[in-house]
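Q: In my numbering, each number is its position in the sequence shown, counted from 1, plus 2. I have a structure here, written as structure tokens, and I will follow up with some questions on it.
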Amino acid sequence: MHAPEAVLRAALEFRDRLDYAGVVALCDPASVESELRQWCELFAPCTEAGFRRENPDFPDAQVLDVVAYLNRRSSEQIPRHAPGIMTYAEFLALAPTDYYRRSLERDDTRLEIIRRMRARGRPVPEAALAPPTGFVYEILPAESVSDDEVIVRYRMQFDDDRRVEDPELEHERLHRMHDGTWRLVARRDLLHSRGSVVNIVDGVADLFDDGPSG
3 MHAPEAVLRA ALEFRDRLDY AGVVALCDPA SVESELRQWC ELFAPCTEAG FRRENPDFPD
63 AQVLDVVAYL NRRSSEQIPR HAPGIMTYAE FLALAPTDYY RRSLERDDTR LEIIRRMRAR
123 GRPVPEAALA PPTGFVYEIL PAESVSDDEV IVRYRMQFDD DRRVEDPELE HERLHRMHDG
183 TWRLVARRDL LHSRGSVVNI VDGVADLFDD GPSG
């Protein structure tokens with residue numbers, strides 16, 4: 003796929019099939035590595051010496067308690083950020099593509115509903131597993147940012163004669179690789195899926211009474 007618009011459409015189709023390995027394969031590897039690197043730095047254990055160096059005026063009597071609190075918070079965030087990963091050592095050992103796939107899966111509302119249904123022993127309806135129906139993606143021509151970067155905007159429309167008035171435009175950045183192909187620039191909210199759960203939302207509100215599934 004040499005056209006950026008085709009790459010974006012393929013990624014959206016992978017997303018709608020819940021195939022995030024396919025989505026990640028269409029991302030610029032350097033941007034995927036950058037995503038993991040910044041979170042490795044954020045979740046790195048806080049040390050007493052490091053905290054004192056960055057906060058020289060902090061009261062000595064509270065330093066150890068604050069360091070313990072910060073490390074406890076980081077430990078709690080890791081499994082929420084990368085499902086299935088429990089420790090910083092495990093997080094650090096992740097391949098960039100594995101990390102990014104887990105991160106995208108965590109943010110997918112359909113997968114969150116499926117996880118919660120399975121955790122409560124509920125049967126998962128076929129509609130939750132199948133790509134959403136009733137709409138199409140309208141992908142606009144790529145807009146050049148530089149010789150090797152473009153923005154592609156897109157929106158959802160019904161797949162019949164109905165039209166959404168002033169539908170919200172989403173957009174993604176794509177980077178041209180050395181071989182001339184285009185790849186998505188990885189980011190936290192890549193292909194953020196507002197509206198993609200219209201087939202399965204009814205009757206699942208109680209699944210979210212206890213906050214994130216973790």
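The C-beta atom is built at its ideal place from N, Cα and C for all residues, glycine as well. Small disclaimer: the values here were computed from a predicted structure and weren't measured.
If you compare alpha carbons, which of R157, P58 and S105 is closest to P143?
A: Here residue 143 refers to the residue found at position 141 of the sequence shown. Considering only alpha carbons, the answer is R157.
Q: Can you name the start and end residues of the beta strand (DSSP E) that M158 belongs to?
A: Translated into the one-based positions of the sequence shown, residue 158 becomes position 156. Start and end: E151 to F160.
Q: Pop quiz: V187 and D30 are said to be a contact at Cβ under 8 Å. What is the actual Cβ separation, rounded to whole angstroms?
A: As a first step, residue 187 must be located in the sequence shown, where it is residue number 185. As a first step, residue 30 must be located in the sequence shown, where it is residue number 28. About 6 Å separates the two Cβ atoms, so the contact holds.
Q: The beta strand (DSSP E) that contains V147, what's its start and end?
A: As a working mapping, residue 147 is identified with position 145 in the sequence shown. Unbroken beta strand (DSSP E) run through V147: E145 to S148.
Q: Compute the Euclidean distance between the alpha carbons of A91 and A32, then round it to the nearest angstrom.
A: Within the sequence shown, residue 91 is the residue found at index 89, counting from 1. Within the sequence shown, residue 32 is the residue found at index 30, counting from 1. Using only the alpha carbons, I get a separation of about 22 Å.
Q: Quick one: what's got a C-beta closer than 6 Å to R245's C-beta in the same chain, skipping five residues either side?
A: Since the first residue of the chain shown is 3 and the last is 216, residue 245 is not available in this structure.
Q: Which of the three DSSP states is assigned to R120 in this structure?
A: Taking the sequence shown and counting its residues from 1, the one referred to as residue 120 is at position 118. Three-state result, R120: helix.
Q: According to DSSP, is F60 helix, strand or coil?
A: The residue you call residue 60 lines up with position 58 of the sequence shown. If DSSP states are grouped into helix, strand and coil, F60 belongs with coil.
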